[in-house]
Structure formats: structure tokens, C-alpha cells
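Engineer:
Protein chains: 2
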Amino acid sequence: MKQRRILLFTGNGKGKSTAAFGMLARALGHGMRAAVIQFVKSDDAVGEQRFFSVLPGVSWTQFGKGFLPRDPHSPAMEAHREAAREGLEAALEALASREYEFVLLDEVCFALGHGLIPVEPLVAALRSAEDGKIVVMTGRNAPPALIAAADTVTEMTLVKHGYEEGIAAQKGVEN
Amino acid sequence: MKQRRILLFTGNGKGKSTAAFGMLARALGHGMRAAVIQFVKSDDAVGEQRFFSVLPGVSWTQFGKGFLPRDPHSPAMEAHREAAREGLEAALEALASREYEFVLLDEVCFALGHGLIPVEPLVAALRSAEDGKIVVMTGRNAPPALIAAADTVTEMTLVKHGYEEGIAAQKGVEN
Numbered sequence: 699m700k701q702r703r704i705l706l707f708t709g710n711g712k713g714k715s716t717a718a719f720g721m722l723a724r725a726l727g728h729g730m731r732a733a734v735i736q737f738v739k740s741d742d743a744v745g746e747q748r749f750f751s752v753l754p755g756v757s758w759t760q761f762g763k764g765f766l767p768r769d770p771h772s773p774a775m776e777a778h779r780e781a782a783r784e785g786l787e788a789a790l791e792a793l794a795s796r797e798y799e800f801v802l803l804d805e806v807c808f809a810l811g812h813g814l815i816p817v818e819p820l821v822a823a824l825r826s827a828e829d830g831k832i833v834v835m836t837g838r839n840a841p842p843a844l845i846a847a848a849d850t851v852t853e854m855t856l857v858k859h860g861y862e863e864g865i866a867a868q869k870g871v872e873n
Numbered sequence: 699m700k701q702r703r704i705l706l707f708t709g710n711g712k713g714k715s716t717a718a719f720g721m722l723a724r725a726l727g728h729g730m731r732a733a734v735i736q737f738v739k740s741d742d743a744v745g746e747q748r749f750f751s752v753l754p755g756v757s758w759t760q761f762g763k764g765f766l767p768r769d770p771h772s773p774a775m776e777a778h779r780e781a782a783r784e785g786l787e788a789a790l791e792a793l794a795s796r797e798y799e800f801v802l803l804d805e806v807c808f809a810l811g812h813g814l815i816p817v818e819p820l821v822a823a824l825r826s827a828e829d830g831k832i833v834v835m836t837g838r839n840a841p842p843a844l845i846a847a848a849d850t851v852t853e854m855t856l857v858k859h860g861y862e863e864g865i866a867a868q869k870g871v872e873n
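In order, the protein sequence lines correspond to chains F and H.
Here our numbering is used: the first residue of the first sequence is 699, the next is one more, and so on.
Here our numbering is used: the first residue of the second sequence is 699, the next is one more, and so on.
1) What residues from chain H crowd round VAL801/F, counting only those whose CB sits closer than 7 Å?
2) Locate the beta strand (DSSP E) running through ALA732/F, then write down its first and last residues.
3) Determine the burial state of PHE805/F: buried for a count of at least 16 other Cβ atoms within 10 Å of its Cβ, exposed for fewer.
4) So, at 7 Å on beta carbons, what are the nonlocal neighbours of GLN701/H in its own chain, with the 5 sequence-adjacent residues on each side left out?
5) Specify the secondary structure class of ARG779/F as computed by DSSP and reduced to three states.
6) If you draw a straight line from the alpha carbon of LYS739/H to that of ASN873/H, how long is it in whole angstroms?
7) Can you check which of these residues, GLY709/H, THR850/H, ALA866/H and ARG783/H, is closest to GLY864/F by C-alpha distance?
8) Hey, could you find the ends of the alpha helix (DSSP H) ARG703/H is sitting in?
9) Measuring CA to CA, which of GLU746/F, ASP742/F, PRO773/F and GLY720/F is closest to PHE749/H?
10) Determine, using beta-carbon pairs with one atom in the segment 778 to 796 of chain F and one in the segment 750 to 769 of chain H, whether at least three such pairs fall under 8 Å.
11) Just to confirm, are VAL756/H and LEU803/H a CB contact at a threshold of 9 Å?
12) Short of 8 Å Cβ to Cβ, which residues in the segment 797 to 830 of chain F face chain H?
13) Note the first and the last residue of the continuous alpha helix (DSSP H) segment covering SER772/H.
14) What did DSSP end up calling LEU659/H once you bin it into helix, strand or coil?
15) If you draw a straight line from the C-alpha of ALA792/H to the C-alpha of MET835/H, how long is it?
16) Does DSSP put GLN747/H in a helix, a strand or coil?
17) Distance, Cα to Cα, LYS858/H vs LYS712/H?
18) Along the alpha helix (DSSP H) that carries VAL821/H, what are the first and last residues, could you check?
19) Quick one: what does DSSP say LEU803/H is sitting in, helix, strand or coil?
20) To the nearest angstrom, report how far apart GLU797/F and ARG731/F are at their CA atoms.
21) Run the CB neighbour count on HIS771/H, radius 10 Å, all protein chains shown included, and call it buried at 16 or more, exposed below.
22) To the nearest whole angstrom, what separates the beta carbons of ARG703/H and GLY745/F, a pair I think is in contact under 8 Å?
23) Going along chain F, which residues have a C-beta under 8 Å from GLY762/H?
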């Protein structure tokens, strides 16, 4: 019997979203249909999107406006909140739908952590997801309610990163 | 200018190999050619292999015999050592070859940590790899020499895992 699985990749190290994309590949290798919902991110020229979004069985949607303004009271925040709310709606739909066996909510923890969306409706939707559904969530600073709702949680810890040694972001590595 | 990049995903948490597979997808999305060399693993029915190994631009080879015998002095160890040595040869070749822009050495840390292969030739090959080459290595207990050779290192820490709650390994999640 297949159980509902809820996985969470959090922490400040590199590898959270890439681990989720690796799981997506794994799920597609088993013929599953997948919904990818990206919060915060708005860059559609990155390698993972180019690679996966054209595949049959993958629905890939971005609900982000990129970097947040530094001032949380900036009027520009409203556009980010609106985008995140749309992402949450899409996430709740994908979690409830039988169309997708695999649901990836990329950077949802970031959106939650910055108060762009509330955590309660997401936790409720996770708890009502069907058996056999695989849900993978990523982002720094996962809220405790999400950690509690997940069955498998990994903290990615930065040991060292090329940025510190002055290495620039590079195609195939950082994007 | 593209630099040589050496990334390492280690630790006891879930997500090391999947992060590497996510990076593979990212690299393929940018049109790179990739060599995947798997140590230890011998199961070719897993989702990631089904998914990636049939793609153009991917060379996927396993040099593993599965789980090690408990007794390191068991005669059965020799077959594991031999497989790992062949994997190391293939790794050194891929690192030196212009054919591959992305080289993934999956579970190489496991093979090193169990003394199946020596670390020195690998470190030497990493240090001589060309600019622009992306190398990703995975596995628990990365040796200090490998951490020193890498520019970006993430420790995947287990916060919780479904196994502990009695959840069985499942297609699309664990394999």
C-alpha cells in the first residue's frame, strides 16, 4: 500500500531545490504525473525549468516576483503577497487533485517565512491529501507547523560555498 | 569565464543523491553532456536511472555490488573492491575527458569511507580538471581531503525520516 508522503528540504545550504528536482526525476522515472509550483522564483531561463517544463506529465508554474524589497512595509510587497496567494491557491488545488501524484512546492517555506501566505490552509491540505500522494517542499526557515506535518525532513547545512571564495554563480550549478 | 566547480553533498540526511540528480537536470537544461558514475549502487530499476539513462547527452554507469558484507574481512569484499576500482578508473577518465561537462560521482564517499578505493588519485584528478567542468560527488562521511578539494559542500542532516515512523520505502520517494 502506498502511503501519503510529505518531505521537506530546509536549511541554509545548497541542495534544497535541487534535491526536490532530483525527486521529481525519480517520480517521472516511475511514470508519475507532477505539478511543480514555484514560489518567489520568477526566472524561467534556469536549467531545471528548461529541462522539466517541456516534458509530458509535468505542469510547471511560477508564482513569484523575484527578490523581496528590503522594507517589508514597502508598497512593492503587495505584488509579492498577491503572487504568493495565487501560488497557495494553485498548491491547494494540486494537493486535492487526482491529476498529480507528485506535487513540488518550491520555496514555499520562504513565502511562509516572510509572511506572504499563512501556513494553516497548507497544513490542512497536506493532512487531507490522498494516500499515495508525494509532496515535496523546499525553502529556508521551515515553520514548525510544516516540520510537524512532514514525515521526512532534511536540514541542508552550509559547510562551505563557492560564493565565499569569490566564485560567481554559474549555469548548471547555481541556475 | 567559467570556473571549475567541485560540489559535495554529504551527511546522513535524505537528499544527497537527489540533489545531485537535480543538478544533473539543471546541467542538461543548459545543454551540457554528463557522465554519471555510481558507486555501490547496483539497482537499475530506480526512478532516476530509468529517467535519465535513456536521455541523449547522458552516460550512466553503475560500478556497485549493492550492500557491503558486515565483516570487512569477508572474501565477498573483494568483488566490491574490484567494482569500486573500476568505478574509480571510469571517474578519472570522465574527469580528464572533454566529452563531459558535468560529472556525477554518486556514493563515491561511501566507497572511499569503506576503504574500497584510495582518495589520492581522485583528489589529483579533481585538481587537474579543466575550467568549466562541473563535478558533483555524494555520500556519507566525506573524507577531509575531499571536503578540502571541493568549493561547495553541503551537509544533509536528518531531522526526521519516515522510516522511523514505520513508513516503508516507496517508489518515487526512496527509489
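Beta carbons are placed, not taken as given, at the ideal position from N, Cα and C, and that holds for glycine.
Structural biologist: So, from the data block:
1) For the purposes of this step, residue 801/F is identified with residue 103 of the first sequence, where counting begins at 1. Under a criterion of Cβ atoms nearer than 7 Å, no residue of chain H is adjacent to VAL801/F; the nearest Cβ is some 11 Å distant.
2) Your numbering for residue 732/F matches position 34 in the first sequence. Residues 732 to 737.
3) Translated into positions along the first sequence, residue 805/F becomes position 107. Rather than Phe, the amino acid found at residue 805/F in this sequence is Glu. When all chains shown are included, GLU805/F counts as buried.
4) Start at 1 with the first residue of the second sequence, and residue 701/H comes out as number 3. Closer than 7 Å at Cβ, skipping near neighbours: ASP829.
5) The residue given as residue 779/F occupies position 81 in the first sequence. When secondary structure is reduced to three states using DSSP, ARG779/F falls in the helix class.
6) Against the second sequence, residue 739/H aligns to sequence position 41. Against the second sequence, residue 873/H aligns to sequence position 175. Using only the alpha carbons, I get a separation of about 11 Å.
7) Along the first sequence, read from residue 1 onward, the residue named residue 864/F stands at position 166. Checked all of GLY709/H, THR850/H, ALA866/H and ARG783/H; the closest Cα to GLY864/F is THR850/H.
8) What you label residue 703/H is simply residue 5 of the second sequence in a count that begins at 1. Boundaries for ARG703/H: no alpha helix (DSSP H) harbours it, while the beta strand (DSSP E) harbouring it runs 703 to 708, taken from the DSSP string.
9) Counting from one through the second sequence, the residue named residue 749/H turns up at place 51. Measuring from the Cα of PHE749/H, the nearest candidate turns out to be GLY720/F.
10) The segment 778 to 796 of chain F makes no contact with the segment 750 to 769 of chain H, as fewer than three CB pairs between them are under 8 Å.
11) The residue given as residue 756/H occupies position 58 in the second sequence. The residue given as residue 803/H occupies position 105 in the second sequence. In this structure, LEU803/H does not lie closer than 9 Å to VAL756/H by Cβ.
12) Residues passing the 8 Å Cβ filter: GLU799 and PHE800.
13) The residue given as residue 772/H occupies position 74 in the second sequence. Segment: none, SER772/H is in no alpha helix (DSSP H) and carries neither H nor E.
14) Because chain H here runs from 699 to 873, residue 659/H falls outside it and cannot be looked at.
15) Position 94 of the second sequence, counted from the start, is the residue given in the question as residue 792/H. Position 137 of the second sequence, counted from the start, is the residue given in the question as residue 835/H. Looking at the two C-alpha atoms, the distance is approximately 13 Å.
16) By 1-based counting over the second sequence, the position of residue 747/H is 49. Here GLN747/H carries a helix assignment [DSSP, helix/strand/coil].
17) Sequence index remark: in the second sequence, residue 858/H carries index 160 (1-based). Sequence index remark: in the second sequence, residue 712/H carries index 14 (1-based). Spanning the two alpha carbons is a distance of roughly 9 Å.
18) Along the second sequence, one-based indexing puts residue 821/H at 123. Counting along the chain, the alpha helix (DSSP H) containing VAL821/H begins and ends at 818 to 826.
19) Counting from 1 along the second sequence, the entry for residue 803/H is found at position 105. In the structure shown, LEU803/H sits in a strand (DSSP, three-state: E or B).
20) Walking along the first sequence from the start, residue 797/F turns up at place 99. Walking along the first sequence from the start, residue 731/F turns up at place 33. Pairing GLU797/F with ARG731/F, the inter-Cα distance amounts to about 7 Å.
21) Residue numbering aside, residue 771/H sits at position 73 when the second sequence is read from its first letter. Its Cβ having fewer than 16 others within 10 Å, HIS771/H is exposed.
22) Here residue 703/H corresponds to residue number 5 of the second sequence, with the count starting at 1. Here residue 745/F corresponds to residue number 47 of the first sequence, with the count starting at 1. Not quite, the Cβ-Cβ distance comes to about 14 Å (not below 8 Å), so this is no contact.
23) Stepping through the second sequence from its first residue, residue 762/H is reached at position 64. Near GLY762/H there are no residues of chain F at all, since even the closest Cβ is about 18 Å away, more than 8 Å.
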